[in-house]
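Residue numbers for the sequence shown follow this note's numbering, beginning at 2 and rising by one. Positions of the beta carbon are idealized from the N, C-alpha and C atoms, including for glycine.
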Amino acid sequence: MLITEYGEKRRSPLQYPDVPPRFIDALLASEDDAFYEHYGVDVKGLLRATLELIRTGKKKSGGSTITMQVAKNYYLSSEKSFSRKFTEILLALKIEKTLSKEEILELYINKIYLGKRAYGIEAAAQVYYGKSINELTLAQTAMIAGLPQAPSAANPINNPERAISRRNYVLQRLLTLGKINQQEFEDATAAPVTAEYHGATSEVTAPYIAELVRQHMVDLYGNNAYTEGMVVYTSINSVRQQAANDALQRGLLNYDRAHGYRWQANVYPAIKSGATGTSQNRNPQALPDWLSDKTENDTDWPATLTNWRNKLRTIEAPGNLIAAAVVQLDKDGAWLITDKDDQRLLFDGMEWASPYINVNATGAKPAKPADVLAVGQQVWIEIRDQQVLLGEPPEANGALISLNPNNGAIQAMVGGFEQSANQFNRVTQAMRQPGSSFKPFIYSAALENGFTPASIINDAPVVFKDAGLENTWRPENYSGKFYGPTRLREALYKSQNLVSIRILKQMGPSTAVNYIKQFGFPEKQLNADLSLALGASAVTPMELATGYAALANGGFAIQPYYIDRIEDSTGNILFQSNPAIACRDCNSTQGLTPASTNDNEAPAAPAYAPRIMDARTNFLMVNMLKDVIQRGTGRRAKALNRSDLAGKTGTTNDQVDAWFSGFNPNLVTTVWVGFDQPSTLGRWAQGGTTALPIWVDYMRVALTTEPEVQLQQPDGIVSVRIDPKTGLLAAPGQQDAIFEYFRSENTPTETVLPQYSPDGEDSDSGLSATPELLF
C-alpha cells in the first residue's frame with residue numbers, strides 16, 4: 002500500500018504518432034499557430050513582444066515559438082536575460098535544421114510542465130482526468146492545451162475560473178482557425194470543469210516513517226532520489242500503522258479532556274434573523290431544514306453557510322480532529338457544519354469541557370451546551386465510534402513504536418499527535434528519562450549476577466550524601482511508603498524504587514552498565530551511578546523498544562529497520578534487507594552476517610542476531626514481567642484477555658514522563674506521553690493510567706491475528722515451593738507457600754522454620770527505621 006510519493010516529476014512519454022491530432026491542433030492554436038511556417042523563430046512575434054515591453058514596461062507576450070521552448074526546456078535555465086534569450090534563439094535555429102517538426106513537437110509535449118508535478122501531456126491527462134490523452138473530450142483536450150502558459154496558477158484544480166477562461170480561449174482559436182465547428186465550440190465551452198486530482202494517494206498514514214525513508218534515500222542517492230522513479234518497500238504493517246495512529250491520537254485527546262477545555266475559539270460573523278433560535282419539538286437527530294435551504298426570513302443564510310464552509314476549508318486540522326462551526330444551540334446539544342457536511346454534537350460529547358485552570362485543576366462542570374459553545378464559534382470535533390465529541394489540539398504529545406522482536410521489522414511508528422505542524426519525530430529524537438520502565442534491564446543484570454526472583458531486599462529509606470551535590474538525595478517509592486523485606490519479583494511488579502537502588506548498589510553500577518549496553522543503549526547515555534536504577538538515563542522510545550525486543554525474543558540483540566527493499570523505475574532490486582534474526586535453535590555465536598544484498602551479488606546467507614542474555618535469565622525476567630500485568634502496575638493490560646503479555650510501566654519524577662513498554666514473543670510496543678518541553682503531566686498521570694491505555698488500544702488491534710504464544714521453559718530452570726516472606730523453601734504443609742522459578746544452581750537449600758514470622762508482616766504504613774546512608 003502506498004504511504005507517500007516524493008519527487009519533482011511525473012512522466013509518461015508518448016511518441017508523436019500516438020498523440021491525437023486534435024490535441025496538436027489545440028496546442029498549436031494556443032501556443033504557436035505558425036509552427037509549420039517558421040524556422041524556429043517567429044520574428045514578428047519577437048518584435049511584437051519587444052515593442053510591448055518598451056511601451057508598457059511589462060511582458061505581455063513572450064514571442065517564443067515551440068522550438069524556442071524546447072531549446073529552453075532541454076538546454077537552458079529559467080534565467081530571464083537578453084543573453085539567455087539570444088542563446089535560445091540560436092539553439093532554436095540549430096534544432097530546426099537538425100530535427101523534423103514532428104520530432105520537435107514530440108520533445109515538447111513530453112517535457113513541458115503542466116502543473117501538479119505532471120511533465121508532458123500524457124501525465125497531465127492522467128493527473129487531471131485519470132485518462133489517457135486519447136480518451137479526453139474536446140473541452141478536456143483544450144484545457145490541457147491551455148496549461149503551458151500558467152500551469153500552477155491556472156490549472157483546473159487550483160483555479161477553475163482562470164482555467165475555464167484559458168480553455169475557452171483555446172477553443173475560440175480552434176474555431177477561428179477552422180479546426181472545429183460552431184456546435185463543437187458551443188458544446189465544449191458549456192462543459193463543466195471535471196478535473197480532479199488523480200495522482201496516487203496515500204493508502205496508509207505513516208508520515209514519520211515516510212520522512213525517515215526520504216532522508217535515507219537522499220543520503221544514499223542524493224537529489225537523484227527525487228528524479229529516478231525509485232520505489233521503496235517498507236516493513237510497515239498497514240493495519241497496525243492505522244491502529245497506532247488511532248490509539249495515540251485518541252489517548253492524547255483523552256488525556257487532554259481529563260484536564261479541562263483550553264480552546265479559545267474564533268467567532269464568525271453573527272447569523273442574521275431566523276438562524277439562532279432553539280429547535281422546538283424537533284427530533285434531536287433530524288437535520289434542520291434551514292441548515293442548507295434558503296428561508297423566507299433570512300435570504301442571506303445560505304450564503305452565510307457557504308462562506309463559513311469556505312473558511313473551514315482553509316483550516317488545517319491536526320491529527321484526527323475536524324474543524325467545525327456552531328450554527329445552532331439547543332437544550333440537547335448543538336448543530337455544527339464542517340467543510341463537507343453537518344454534524345450533531347450532543348451535550349454528552351461536550352460535558353467534559355470544564356474550563357482549564359492548570360494541569361491539576363479545572364473549573365465548574367458545564368450544565369448546558371451554552372456554557373461551552375456559542376453560535377458562530379469555530380471548534381474542533383472528533384468522530385469516535387460514530388459519536389461526535391468536542392475536542393481540541395492537545396498540548397501534551399506522545400510516541401508509539403511497534404516492531405517485530407524476532408527481526409527488528411518496524412510494524413508501526415507514530416512520532417506525535419500530527420506531523421504537519423511539527424516534524425519532530427519523538428520516536429527517534431525525543432531523549433527522555435524512562436523511569437521505572439528501565440528497571441527490567443537493572444533486574445536482568447541482577448539475575449545474571451546471582452540474584453533470584455525470590456531474593457529478599459530491604460525496602461527501607463536510603464539517603465545519598467555527596468560533596469558535589471547541593472542537596473541530599475532521599476529517593477522514595479511512588480507511594481511514599483516503605484515496605485521492608487521484599488522479594489525481587491514483588492518489588493518489580495509493585496515498582497519499588499528503593500529495591501532497585503539497593504540491588505544496583507550491591508552489584509555495582511559499572512557491572513550493570515556493561516551488561517545493559519548490550520541491549521542497544523549507547524554507553525555514553527547510561528549514568529554509571531545509582532540514579533541508573535530509577536531510569537534517570539535519557540533514552541529515545543526507539544532505544545527502549547529495541548531493548549525490550551531482546552527480552553521478548555529470548556535474549557537476542559536485533560536492529561530495528563524500516564526499509565525492506567528498494568527498486569529502480571524498471572523493477573530492478575537495488576537493495577534487499579537481510580535482517581539479523583533471533584533464532585533460539587540456531588548457532589548465533591557466529592555473529593552478524595551482511596544485512597543487505599543487491600541484484601549484483603549472490604543472495605546473502607541468513608543473518609543471526611547475537612545472544613546477549615542467557616536463556617534462563619531471559620525466562621525468569623519475562624516471567625516476572627508477566628506479573629506486572631497480572632498483579633502489578635500494568636493490570637489494565639488484562640483487558641486484552643491474553644496470558645502471553647509482559648511489560649513495565651514507567652513514571653518519572655513529578656509525572657513529567659509516562660511510559661509503557663510491553664510485548665508478547667512476536668510483537669513489542671513502547672508508548673511515551675509527555676510535553677515536548679518537559680513539564681508535569683499532573684499529579685494523577687502515571688505510566689499505567691496515561692501511556693498504558695494507548696498501548697492496550699493499539700495491541701487490541703495489532704494482536705488480533707496473533708495466536709497466544711507461551712514462553713518455553715528452558716533446560717536448567719526448576720520450580721519449587723517457597724515461603725513468600727523469606728524466599729526460603731516452604732515448610733511441609735505450609736498453607737501460604739507459592740511456587741517460584743530458579744536456575745537450578747540457585748535453588749534455595751534452606752527450609753523456613755514453621756514458626757517464622759518476619760517483623761512488620763503485612764505492614765505498608767511505613768518503616769520507622771533510621772535511613773541507611775549510601776555515599
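So, helix, strand or coil for residue i, using DSSP?
i	result
L347	strand
L139	helix
I384	strand
F465	strand
I723	strand
W309	helix
D331	strand
G689	helix
Q150	coil
F452	coil
G392	strand
V20	coil
R684	coil
I402	strand
R503	helix
V373	coil
R167	helix
G548	helix
V42	coil
G436	helix
V657	coil
V514	helix
V710	coil
Q281	With a pLDDT of only 31 at Q281, under the threshold of 50, the placement of this residue in the model should not be trusted; the figure read from the coordinates follows. Q281: coil per DSSP, three-state reduction.
Report the partner residues of residue i according to the DSSP bridge assignment.
i	result
K649	S662
P356	Y262
E568	V232 and I574
I582	Y609
N743	Per the sequence presented here, residue 743 reads as Phe, with Asn not at that position. According to DSSP, which records beta bridges pairwise, F743 is partnered with V719.
P486	N459
Y777	The structure shown has nothing for residue 777, since the chain only spans 2 to 776.
S496	None, per the DSSP bridge assignment.
L3	DSSP lists no partner for L3.
T752	L730
G416	Its beta-bridge partners do not exist; DSSP assigns none.
F557	R612
I323	I382
L668	N665
L337	V327 and Q344
T363	Y357
V674	G399 and A659
Exposed or buried, which one is residue i when buried takes at least 16 other CB atoms within 10 Å?
i	result
Q420	buried
K509	Residue identity differs from the one stated: residue 509 is Gly in this sequence, not Lys. G509 should be labelled exposed.
R490	buried
Y256	buried
I110	buried
I559	buried
Y75	exposed
L178	exposed
L754	exposed
W685	exposed
E162	exposed
Using alpha carbons as the reference points, say which of the options lies closest to residue i.
i	options	result
A192	A371, S166 and R701	S166
E544	L213, Q430 and N459	Q430
A146	S133, L29 and M69	L29
A101	V205, L621, V71 and I113	One detail in the question is off: residue 101 reads as Ser in this sequence, not Ala. Measuring from the Cα of S101, the nearest candidate turns out to be V71.
D655	S680, T571, S662 and G223	S680
P454	D43, R345, L15 and N619	N619
N373	F348, L306 and G555	Reading off the sequence, residue 373 comes out as Val, not Asn. Nearest option by C-alpha distance: F348.
V20	L106, A93, T66 and G8	L106
S789	N642, I181 and I630	Outside the displayed range of the chain (2 to 776) lies residue 789, so it cannot be described from this structure.
T473	D247, I323 and P462	P462
Y609	A375, T691, D658 and G409	G409
P666	S511, A27, A550 and R503	A550
Does the beta carbon of residue i come closer than 8 Å to any beta carbon on chain C?
i	result
L15	Absent from the structure: chain C. Only one protein chain is present.
Could you pull out every unbroken alpha helix (DSSP H) segment of at least 4 residues lying fully inside the segment 179 to 255, listed in chain order? Counting whole runs of 4 or more residues, the segment 179 to 255 contains the alpha helix (DSSP H) stretches 183 to 191, 208 to 222 and 225 to 228.
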